[in-house]
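Scroll down for the structure; my scribbles are underneath it.
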Amino acid sequence: MPSRSRLAAVALALATPAAAAPVLVAPDPAAHKVSIAVDGKPFTDYRFEPDLRKPVLFPLRTARGTIITRGAPLEPRPGEPTDHPHHVGSWLTYGNVNGVDIWNKKGDIRQRAISRAEGGKDRGVLEIEADWLDAAGQPMLAESTRFVFRGDTALRAFDRVTTLTAAAARVLFKDSKEGMFGLRVAKPLHGDGKPGETGVYRSSEGVTGKAVWGTRARWMLLAGRVEDEDVTIAVFDHPKNVNHPTYWHARTYGLFAANPLGQKDFDKAKGELNFALEPGKSVTFRYRVLIISGPYAPEQADAEFQRFAKEDP
Numbered sequence: 001m002p003s004r005s006r007l008a009a010v011a012l013a014l015a016t017p018a019a020a021a022p023v024l025v026a027p028d029p030a031a032h033k034v035s036i037a038v039d040g041k042p043f044t045d046y047r048f049e050p051d052l053r054k055p056v057l058f059p060l061r062t063a064r065g066t067i068i069t070r071g072a073p074l075e076p077r078p079g080e081p082t083d084h085p086h087h088v089g090s091w092l093t094y095g096n097v098n099g100v101d102i103w104n105k106k107g108d109i110r111q112r113a114i115s116r117a118e119g120g121k122d123r124g125v126l127e128i129e130a131d132w133l134d135a136a137g138q139p140m141l142a143e144s145t146r147f148v149f150r151g152d153t154a155l156r157a158f159d160r161v162t163t164l165t166a167a168a169a170r171v172l173f174k175d176s177k178e179g180m181f182g183l184r185v186a187k188p189l190h191g192d193g194k195p196g197e198t199g200v201y202r203s204s205e206g207v208t209g210k211a212v213w214g215t216r217a218r219w220m221l222l223a224g225r226v227e228d229e230d231v232t233i234a235v236f237d238h239p240k241n242v243n244h245p246t247y248w249h250a251r252t253y254g255l256f257a258a259n260p261l262g263q264k265d266f267d268k269a270k271g272e273l274n275f276a277l278e279p280g281k282s283v284t285f286r287y288r289v290l291i292i293s294g295p296y297a298p299e300q301a302d303a304e305f306q307r308f309a310k311e312d313p
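The C-terminal residue of the sequence shown carries number 313 in my numbering, and the numbering is unbroken.
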């Protein structure tokens with residue numbers, strides 16, 4: 001049972017949030033990126049170089065500037081694993097879209113336009129348009145995504161709200177574990193017990209470690225130590241998302257992903273979901289990511305989930 005002092009500390013943290021910091025959103029079309037800074041410090045870049053084959057946020061940093069995403073393949077670091085080169089920063093893709101494996105870069109998500117890039121005193125907004133292409137380069141889905149960035153002295157955060165609209169033909173998202181909203185974290189946040197690895201998962205349902213894979217949960221925490229900083233990454237699934245609470249394709253080798261559409265691969269007893277969109281129809285996926293400098297209690301995650309659930313991002 002939690003001690004009174006721990007409960008008091010959690011209550012204080014919930015009651016006294018830090019003041020939000022100003023956010024700068026700076027497009028650089030020639031470099032195929034948009035740079036995001038919080039309180040004058042780099043947070044992340046939205047990158048859409050054509051050879052990436054999908055837009056990504058890379059790298060992601062804490063409020064102290066510690067990078068919590070893997071460097072490879074864009075900025076390899078000594079001693080870092082280079083497996084799964086399609087795991088870059090943070091992204092949203094899927095492994096079977098009308099038979100096309102966009103997760104593994106057999107099809108492309110092609111940036112079309114930046115429709116809004118706006119900083120502010122307590123948040124920044126980036127809105128983009130993109131197309132999901134099949135192996136022949138033909139559009140299957142139109143994507144509209146809004147990112148909202150914010151932070152304070154101990155927090156960096158972003159919401160990703162992505163609407164996908166079927167083009168001229170029906171689009172089938174056949175069940176696949178390879179999806180959907182993901183991050184690839186730095187090696188110190190791995191949890192396989194190798195030297196220097198400190199990461200531990202915990203779900204909203206109390207599941208921990210490797211056992212979280214394939215389970216359903218409203219939120220997931222990954223806590224560990226990167227360089228000399230204690231870090232917690234929290235990812236929240238919005239209750240309006242398809243098949244909420246999501247399944248988690250979260251691995252101790254560094255992949256941290258929420259996948260609402262891979263039902264059969266995670267729970268064969270449930271059977272296939274095979275989510276589909278008819279021509280012109282849309283679906284919206286909403287996620288929140290917090291990168292906290294320091295510990296983050298499950299009670300805090302529950303409170304944040306309730307805040308997120310009341311919003312309609």
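In this text, a Cβ means the ideal position worked out from N, Cα and C, and glycines have one as well.
Check your understanding: What is the DSSP secondary structure of residue 48, counted as helix, strand or coil?
Key -> coil
Exercise for review: Whole angstroms is fine: what's the gap from residue 240's alpha carbon to residue 286's?
Suggested key: 8 Å
Exercise for review: Helix, strand or coil for residue 108, going by three-state DSSP, please let me know.
Suggested key: strand
Point to revise | residue 290 to residue 58 span [Cα, whole Å] | key: 15 Å
Exercise for review: Classify residue 43 as helix, strand or coil using the three-state DSSP reduction.
Suggested key: strand
Review point. With a CB to CB cut of under 8 Å and the five nearest residues on each side skipped, what residues in its chain are close to residue 304?
Key: 219, 234, 236, 288, 290
Check your understanding: For the candidate residues 48, 205, 309, 61, whose alpha-carbon lies nearest to that of residue 238?
Key -> 309
Point to revise | residue 298: first and last residue of the uninterrupted alpha helix (DSSP H) it sits in | key: 298-310
**Study point:** Beta-carbon proximity of residue 186 to residue 167, cut-off 8 Å
**Key:** no
Review point. Which one of 42, 34, 71, 66 has the shortest CA to CA distance from residue 55?
Key: 34
Check your understanding: Can you list the beta strand (DSSP E) stretches of 3 or more residues lying completely in the region 130-157, in chain order?
Key -> 139-152
Practice item. Determine contact between the region 103-113 and the region 194-201, defined as no fewer than three beta-carbon pairs at a distance below 8 Å. Key: no
Exercise for review: Apply the 10 Å Cβ neighbour rule to residue 89 and answer buried if 16 or more other Cβ atoms are within range, or exposed otherwise.
Suggested key: buried
Review point. Can you name, in chain order, every residue of its own chain whose Cβ lies under 8 Å from the Cβ of residue 296, other than the five neighbours on each side?
Key: 221, 223, 232, 234, 290
**Study point:** Cβ-based neighbour list, residue 174, same chain, cut-off 7 Å, excluding 5 preceding and 5 following
**Key:** 96, 274
Review point. DSSP puts residue 259 in a beta bridge; with which residues?
Key: 247
**Study point:** Pick from 155, 181, 161 that is closest to residue 144, judged by C-alpha positions
**Key:** 161
Review point. So residue 123 and residue 23 are in contact, right, with Cβ under 8 Å, and what is the actual spacing, rounded?
Key: 6 Å
Practice item. Could you tell me which of 138, 211, 66 sits nearest to residue 248, measuring between CA atoms? Key: 211
Check your understanding: Alpha carbon to alpha carbon, what distance is there between residue 203 and residue 1?
Key -> Reliability fails at residue 1, whose pLDDT of 45 lies under 50, so the model's placement of it is uncertain and the value that follows must be treated cautiously. So the two alpha carbons sit approximately 18 Å from each other.
Point to revise | For residue 150, the nearest candidate out of 50, 42, 283 (CA to CA) | key: 42
Practice item. Quick one: residues in its chain with C-beta nearer than 8 Å to the C-beta of residue 45, no 5 flanking neighbours on either side, listed in chain order? Key: 33, 34, 35, 36, 57, 58, 59
**Study point:** Residues near residue 26 by beta carbon distance below 7 Å, same chain, minus five either side
**Key:** 34, 35
Exercise for review: Quick one: using the 10 Å Cβ neighbour count with 16 as the cut-off for buried, is residue 306 buried or exposed?
Suggested key: exposed
Review point. For residue 77, does the count of other Cβ atoms within 10 angstroms reach 16, so buried, or fall short, so exposed?
Key: exposed
Exercise for review: Could you pull out every residue in the same chain whose Cβ sits closer than 7 Å to the Cβ of residue 62, ignoring the five residues on either side in sequence?
Suggested key: 68, 156, 229, 231, 291, 293
Practice item. Please say whether residue 257 and residue 182 have beta carbons closer to each other than 8 Å? Key: yes
Review point. Which residues bound the beta strand (DSSP E) around residue 202?
Key: 200-203
Review point. Per DSSP, what kind of secondary structure is residue 207 in: helix, strand or coil?
Key: coil
**Study point:** Spatial distance of residue 206 from residue 260 (CA atoms)
**Key:** 19 Å
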